[in-house]
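Just add 119 to the spot in the sequence shown (first one is 1) and you have my numbering.
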Amino acid sequence: MTSRERVLCALSGGTPDRVPYCELGVDEPVVRQLLGESLSERPYESGECADNPVELEKALSRALGRDNINHSLRPPIAAARHIGEGNLLFYGDGYIKSRADLGRLELPDPEGEAFYATARDFLDGGEDFARCASCRLGVSPAYLSMGQETFSLSLYDDPELVDEILGRYATWSAAVMRRVCAMGFDFVWTADDIAFKNGLMLSPKMFRERILPHLRKVAESITIPWIFHSDGNLSSVLDDLADLGITGLHPIEPTAMDIRALKRRYGKRFCLCGNVDVHLLAAGTPSQVEAEVMGLLRDVAPGGGYILSSGNSLAAYCRLENIRAMTGVLQQYGKYPIAVPAPVAGAG
120 MTSRERVLCA LSGGTPDRVP YCELGVDEPV VRQLLGESLS ERPYESGECA DNPVELEKAL
180 SRALGRDNIN HSLRPPIAAA RHIGEGNLLF YGDGYIKSRA DLGRLELPDP EGEAFYATAR
240 DFLDGGEDFA RCASCRLGVS PAYLSMGQET FSLSLYDDPE LVDEILGRYA TWSAAVMRRV
300 CAMGFDFVWT ADDIAFKNGL MLSPKMFRER ILPHLRKVAE SITIPWIFHS DGNLSSVLDD
360 LADLGITGLH PIEPTAMDIR ALKRRYGKRF CLCGNVDVHL LAAGTPSQVE AEVMGLLRDV
420 APGGGYILSS GNSLAAYCRL ENIRAMTGVL QQYGKYPIAV PAPVAGAG
């Protein structure tokens with residue numbers, strides 16, 4: 120199978136030739152270690168794909184053994200920007216505090232050609248990789264543009280303002296999704312963090328009342344496979360997300376959710392994408408990473424519908440030897456039918 124065929128098979132719930140490996144974000148220090156050069160001259164958010172030329176995306180995927188390449192088609196965020204080491208972008212306080220500030224929310228024309236100018240070259244040069252459009256549903260841009268405190272208070276004090284901002288982002292994102300799905304991308308990978316490790320950023324009731332209708336508007340425009348990314352514990356709204364029609368869930372943060380339990384409950388509804396612990400990739404040993412990946416292959420991969428990925432992204436602090444340990448185990452034991460040796464009692 121090609122990388123594209125492998126990823127699409129897993130996203131459909133099928134069993135490919137081997138478990139695919141995908142990553143949404145690879146931070147600049149990791150890129151430099153792998154390729155000896157920088158991928159992007161533009162600032163980017165940690166854990167999310169930079170706006171890279173297709174040739175460099177392919178070089179990164181070849182170096183990692185990754186099956187996907189990513190192209191970013193995300194909306195701007197109306198917030199202070201701080202550029203750190205390695206061109207890393209951090210958002211400060213949001214600019215939109217009231218209706219008087221709505222003019223600061225400026226979005227590019229989602230129907231014009233300018234916004235998609237580099238997407239054609241990306242698609243034409245994608246070869247046999249699974250070509251991913253990295254997009255937003257609109258939740259993260261909304262709360263970042265308002266600032267977390269203003270957003271949270273406004274859910275109660277001025278819900279119409281929150282709806283206005285969410286609505287603008289959702290309308291824009293829905294238009295982008297229609298174009299993305301018609302252009303020839305293989306799948307969409309949305310990134311909108313809505314949870315902490317202990318649960319949602321807001322109550323499930325508030326999520327269903329204020330957030331879910333906007334997500335549904337965007338979801339209805341997605342007609343190709345779609346991975347939903349959010350950190351944290353999503354357990355209270357997983358049924359809601361499944362009903363939106365997600366094809367895959369990422370990253371299933373290992374300190375927040377049990378991927379094995381999700382396999383049993385949701386393995387027939389959507390593909391599981393994850394979830395090698397980023398802290399282990401950063402501070403563990405190669406042998407510990409190998410054991411972690413072998414456990415995922417043994418427990419989650421059988422039956423298909425599984426994509427190996429980190430439990431968030433290949434962050435700047437991940438050790439290259441641990442990344443190679445992760446992908447090395449996949450190459451050795453990731454072929455179907457899965458045959459991973461049982462763990463040795465007392466080992467480790």
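Here a beta-carbon is modelled for each residue, glycine too, at the ideal position from N, C-alpha and C.
Contact check, residue i vs residue j, beta carbons under 8 Å
i: Phe306; j: Leu130; result: yes
i: Ala420; j: Ile457; result: yes
i: Ser180; j: Phe248; result: yes
i: Leu416; j: Val138; result: yes
i: Cys251; j: Ser428; result: no
i: Arg255; j: Arg193; result: yes
i: Gly97; j: Thr374; result: Because the chain is modelled from 120 through 467, residue 97 falls outside the range shown and cannot be assessed.
i: Leu363; j: Ala338; result: yes
i: Pro227; j: Ala236; result: no
i: Pro195; j: Glu230; result: no
i: Ile215; j: Ser264; result: yes
i: Gly257; j: His333; result: yes
i: Ile371; j: Leu381; result: yes
i: Phe326; j: Val356; result: yes
i: Gly423; j: Thr134; result: yes
Top-ranked residue by Cα proximity to residue i, from the options
i: Gln152; options: Leu399, Ala461, Cys437, Leu353; result: Cys437
i: Pro462; options: Tyr288, Val412, Ser191, Ile341; result: Val412
i: Trp308; options: Leu360, Gly257, Ser253, Lys316; result: Ser253
i: Tyr288; options: Arg335, Asp186, Ala261; result: Ala261
i: Glu156; options: Leu175, Leu439, Lys454, Thr290; result: Leu175
i: Arg383; options: Asp418, Asn394, Asn189; result: Asp418
i: Ala314; options: Tyr210, Ser354, Ala361; result: Ser354
i: Asp212; options: Gln407, His201, Met325, Asn206; result: His201
i: Phe304; options: Asp243, Ala435, Asp277; result: Asp243
i: Gly286; options: Ala310, Pro148, Leu331; result: Leu331
i: Gly351; options: Leu321, Leu207, Arg327, His333; result: Leu321
i: Asn441; options: Lys454, Ala435, Gly424, Leu399; result: Leu399
i: Gln407; options: Phe347, Arg443, Gly453; result: Arg443
i: Glu246; options: Asp358, Arg123, Arg298; result: Arg123
i: Asp186; options: Leu127, Tyr210, Phe209; result: Leu127
i: Lys324; options: Ala294, Phe347, Ile365, Tyr275; result: Tyr275
Inter-residue CB distance, residue i and residue j (contact presumed, cutoff 8 Å)
i: Val397; j: Gly430; result: 5 Å
i: Met302; j: Ala238; result: 6 Å
i: Ala197; j: Arg223; result: 5 Å
i: Cys390; j: Ile426; result: 6 Å
i: Ser259; j: Asp220; result: With a Cβ gap of about 18 Å, Ser259 and Asp220 do not count as contacting.
i: Ser349; j: Ala293; result: That pair is no contact at about 19 Å.
Residue i, DSSP secondary structure in three states
i: Lys177; result: helix
i: Ala338; result: helix
i: Asp362; result: helix
i: Phe315; result: strand
i: Thr309; result: strand
i: Ile378; result: helix
i: Ile65; result: Examination of residue 65 is not possible in this model, given that the chain is present from 120 through 467 alone.
i: Gly166; result: Interpretation of Gly166 is limited by its pLDDT of 48, a score under 50 that renders its predicted location unreliable; no figure is taken from the coordinates.
i: Leu447; result: According to the sequence as given, residue 447 is Gly; it is not Leu. Correct three-state label for Gly447: helix.
i: Ile371; result: coil
i: Leu226; result: coil
i: Ser292; result: helix
i: Phe234; result: helix
i: Ser470; result: What the structure shows of the chain is the stretch from 120 to 467, and residue 470 is not part of that stretch, so it cannot be assessed.
i: Tyr455; result: coil
i: Leu207; result: strand
i: Glu440; result: helix
Residue interval of the beta strand (DSSP E) (run including residue i)
i: Arg327; result: Taken as a continuous stretch (DSSP letters only), Arg327 belongs to no beta strand (DSSP E), as it is neither H nor E.
i: Gly414; result: Gly414 -> not in any beta strand (DSSP E); alpha helix (DSSP H) instead, spanning 405 to 418.
i: Tyr425; result: 425 to 429
i: Ala199; result: 198 to 202
Run of the alpha helix (DSSP H) containing residue i, from where it starts to where it stops
i: Asp276; result: 267 to 276
i: Ala401; result: 397 to 402
i: Ala541; result: Any answer about residue 541 is impossible in this case: the structure gives the chain only from 120 up to 467.
i: Asn187; result: Element bounds for Asn187: not the alpha helix (DSSP H) but the beta strand (DSSP E), 187 to 191.
i: Cys128; result: 122 to 130
i: Leu153; result: 147 to 154
Check: residue i C-beta below 7 Å from any heavy atom of the ligand NAD
i: Pro323; result: Of the ligands one can find in the structure shown there are none, so the ligand NAD has no counterpart to examine.
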